[in-house]
Structures are given as structure tokens and as C-alpha cells.
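Numbering of the sequence shown is given in the working numbering, commencing with residue 2 and proceeding in unit increments.
C-beta: ideal position from N, C-alpha, C; glycine also.
Structure first, commentary second.
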Amino acid sequence: MIDDDSRICRDRPPPAPGRKPPALPRWFHQPGRWESLRPDLIEGLDVEARLAFYAECTPRVFPTPTEILSQDEETEVAYLIVEGQIEVSFVDVDGNTVIAHVAGPGEVMGEVELLSGKTCAATCRTLPNTRLLRFTAPLLMRHVPVEVLLRNFAGILHGRLIRDNRLQAIAQFYSAEGRICMHLLRMTSAERPEVQVSQSQLALLAGCSRQTVNRTLAELRAEGIIEQRRGLIRIRDPGRLSGKRLAP
Numbered sequence: 002m003i004d005d006d007s008r009i010c011r012d013r014p015p016p017a018p019g020r021k022p023p024a025l026p027r028w029f030h031q032p033g034r035w036e037s038l039r040p041d042l043i044e045g046l047d048v049e050a051r052l053a054f055y056a057e058c059t060p061r062v063f064p065t066p067t068e069i070l071s072q073d074e075e076t077e078v079a080y081l082i083v084e085g086q087i088e089v090s091f092v093d094v095d096g097n098t099v100i101a102h103v104a105g106p107g108e109v110m111g112e113v114e115l116l117s118g119k120t121c122a123a124t125c126r127t128l129p130n131t132r133l134l135r136f137t138a139p140l141l142m143r144h145v146p147v148e149v150l151l152r153n154f155a156g157i158l159h160g161r162l163i164r165d166n167r168l169q170a171i172a173q174f175y176s177a178e179g180r181i182c183m184h185l186l187r188m189t190s191a192e193r194p195e196v197q198v199s200q201s202q203l204a205l206l207a208g209c210s211r212q213t214v215n216r217t218l219a220e221l222r223a224e225g226i227i228e229q230r231r232g233l234i235r236i237r238d239p240g241r242l243s244g245k246r247l248a249p
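This is the structure in C-alpha cells:
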């Protein structure tokens, strides 16, 4: 196992009968950490069953950006985000890098490839100070009944279809400034009003220049709609931000 030094480790096998599982890192035991973490992939499990699954996963900590899954490569593990974010990107046939999604706590990366045996459809890269739980297919199947897993998996794919449809609409019908506002809204929520994203990443998401992102963020900041620190944007007024996406 690992602690906060991000050393590489192997997935732990289940403890032998009558033996205690290996000790987990300090951050795993912090009060209140797991109550709000409700991954769609294991939805339907009670608290005890969820904690049993978490306890057998391998904790990983990434203080700096790190590629954990690579496009067109196979994977034998998937990752549940506990804290932080993961940037999902892919390179098209012409060599253009496209940021498809910025995933947050509760989302799982690599589960489609893990269960299908296919190569990774995209590259997943952690953003700074991201904490994950790594697991294998046998571990997942040991803790989640097949019928529950199938239902949850279908729900996840349905959510991604909706997200892709929304992204198509954003790309086709909104101005560059509107696209920036829409992506900020999409990546945040009332419970999680902050997003760790650079201007370059936001420009790739919105399909515009970094100068346009810089100008738009400056305007939003001047109006008190957002706060901005290095690499971090906090939405102060999502209602006004939502109105801005439709501004001419």
C-alpha cells in the first residue's frame, strides 16, 4: 500500500480469513470522507458494503499531474476519484488534442476498458493533489452483484451520452464566451463550486483562443461572478453565470 508519498504499489489481495487487512493511509480514515462519496458504479450497495470495497482498493496519491491511463493502451485497473480531478483527453487522427471531460470525486476512470477488455479510448491525467482508489475487475465483481453492476454501468453510459449531446449543442449553438460559461457550469455544482482548470485547458474545452478565455474570465471576475486563483476558479454566482452563457 502507499501513504501520501505516491509510491507505486500493487493491488492488495483480500485478507486471509481471520487476519486483519493491511493498515490504510491516514487520509483514508479522516472523519466524513466517505459519507458524500457515492460512486454511480457501486450505487445500491449499503454503507458497510461500500466501505468493504474501499478497504480492498489500493489508495494512490498524486501531488503533481500524472498520466494514469493512456489512449490506445490496455489497462488492468480502474480508478475511483476520492479527491481532486482527472483530465480526460484524446488525440484525433490529425494529431489534435481534445479535452473531453474533467472528472471529479465519485467518478470512475477506466471501468469501460476494464470490463470490456478494450484499449483506453482516452488518456486520463490527474490534476495536482488528486487522491484515488485503484481496483481490478475481480475485486469489483467480488463486491458488486452482477445485476447491480449491469444497471449501474448502463446508467453511467446513459449519463455520458447525455453529456456528449450537451457538448455537441454547446459547440454548435453558443458563442466562444458562452461556451466558456457553459463549461464552467458543467464542471462545478452547488456542492463543489471550485474547479481546478488552467486557461489553456479551458481554451481547449471551449474551442477558442487562450486570449478569449483570459478576457472572458477577467470580465466575469470584474462582475463578481467568479473568483480566480492560480489554476483555480470558484463560481460565486452560478445564476448570473448561467445568464451570461446566452449573452450576445
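#### Entry: Start and end residues, beta strand (DSSP E) containing S90
Looking up residue 90 in the sequence shown gives position 89. Counting along the chain, the beta strand (DSSP E) containing S90 begins and ends at I87 to V92.
### Query
If we ignore side chains and look at the alpha-carbon of each, how far apart do R237 and H184 end up?
As a working note, residue 237 is residue 236 in the sequence shown. As a working note, residue 184 is residue 183 in the sequence shown. Their backbone Cα atoms lie some 15 Å apart in a straight line.
### Whole runs of the alpha helix (DSSP H) within the segment 205–234, excluding any shorter than 4 residues
211–223
### Query
Should Q212 be labelled buried (16 or more other beta-carbon atoms within 10 Å of its own) or exposed?
Reading the sequence shown from its first residue, position 211 is the one you call residue 212. Exposed.
### Message
Suppose you measure from the CA of L284 to the CA of E74; what does that come to, to the nearest Å?
### Response
The chain is shown from 2 up to 249; residue 284 falls before or after that span and cannot be answered.
### Task
Kindly indicate the opening and closing residues of the alpha helix (DSSP H) around Q169.
In the sequence shown, counting from the first residue as 1, residue 169 sits at position 168. Element bounds for Q169: V147 to F174.
### Message
Assuming contact is defined by CB atoms lying nearer than 8 Å, are V109 and L81 in contact in what I supplied?
### Response
Taking the sequence shown and counting its residues from 1, one reaches residue 109 at position 108. Taking the sequence shown and counting its residues from 1, one reaches residue 81 at position 80. Against a cut-off of 8 Å, the Cβ pair of L81 and V109 comes out as a contact.
### Task
Would you mind working out which of L151, V103 and G244 sits nearest E84, comparing C-alpha positions?
Counting from one through the sequence shown, the residue named residue 84 turns up at place 83. Among L151, V103 and G244, the Cα nearest to that of E84 is on V103.
### Message
If I measure Cβ to Cβ from A79 and keep anything under 7 Å in the same chain, skipping five residues before and after, which residues do I get?
### Response
Your numbering for residue 79 matches position 78 in the sequence shown. The residues are V109, M110, G111, E112, L115 and F136.
### Message
My output table needs one value for C125: the three-state DSSP class, helix, strand or coil.
### Response
Position 124 of the sequence shown, counting from 1, holds the residue named residue 125. Looking at C125 - three-state DSSP - the assignment turns out to be strand.
### Span separating the alpha-carbon of P23 from that of C58
Position 22 of the sequence shown holds residue 23. Position 57 of the sequence shown holds residue 58. Confidence is the limiting factor: at P23 the pLDDT is only 49, short of 50, which leaves the residue's position unreliable, though a coordinate-based value still follows. Their backbone Cα atoms lie some 11 Å apart in a straight line.
### Query
Taking the alpha-carbon positions, what's the S243 to V196 distance?
Counting from one through the sequence shown, the residue named residue 243 turns up at place 242. Counting from one through the sequence shown, the residue named residue 196 turns up at place 195. Looking at the two C-alpha atoms, the distance is approximately 16 Å.
#### Entry: Close-in-space but distant-in-sequence residues of the same chain around D12 (CB under 6 Å, 5 per side omitted)
Here the question's residue 12 lines up with position 11 in the sequence shown. Low local confidence applies: a pLDDT of 46 at D12 is under 50, so the model's placement there is unreliable, with the coordinate-based value given in what follows. Hits under 6 Å: T59 and T137.
### Query
By Cβ distance, which residues of its chain are closer than 8 Å to T217, with the 5 residues on each side in sequence left out?
Counting from 1 along the sequence shown, the entry for residue 217 is found at position 216. Correct list, in chain order: A177, E178, I181 and C182.
### Query
Is K245 closer than 8 Å to I226 when the C-beta atoms are compared?
Here residue 226 is taken as the residue at index 225 of the sequence shown, counted from 1. Here residue 245 is taken as the residue at index 244 of the sequence shown, counted from 1. Yes, Cβ-Cβ distance for I226 and K245 is below 8 Å.
### Query
Tell me, which residues are paired with Y55 by DSSP?
The residue given as residue 55 occupies position 54 in the sequence shown. Y55 pairs with nothing; no bridge assigned.
### Message
What does the alpha-carbon distance come out to for the pair L162 and S37?
### Response
In the sequence shown, residue 162 corresponds to position 161, counting from 1. In the sequence shown, residue 37 corresponds to position 36, counting from 1. In a straight line, the C-alpha of L162 is about 25 Å away from that of S37.
### Task
Provide the residue(s) that pair with E84 in DSSP beta bridges, ordered along the chain.
Taking the sequence shown and counting its residues from 1, the one referred to as residue 84 is at position 83. Answer is R132, bridged to E84.
### Query
Which same chain residues, not among the five before or five after G156, have their C-beta less than 7 Å away from its C-beta?
The sequence position of residue 156 within the sequence shown is 155, counting from 1. Closer than 7 Å at the Cβ level, and outside the excluded window around G156, lie D41.
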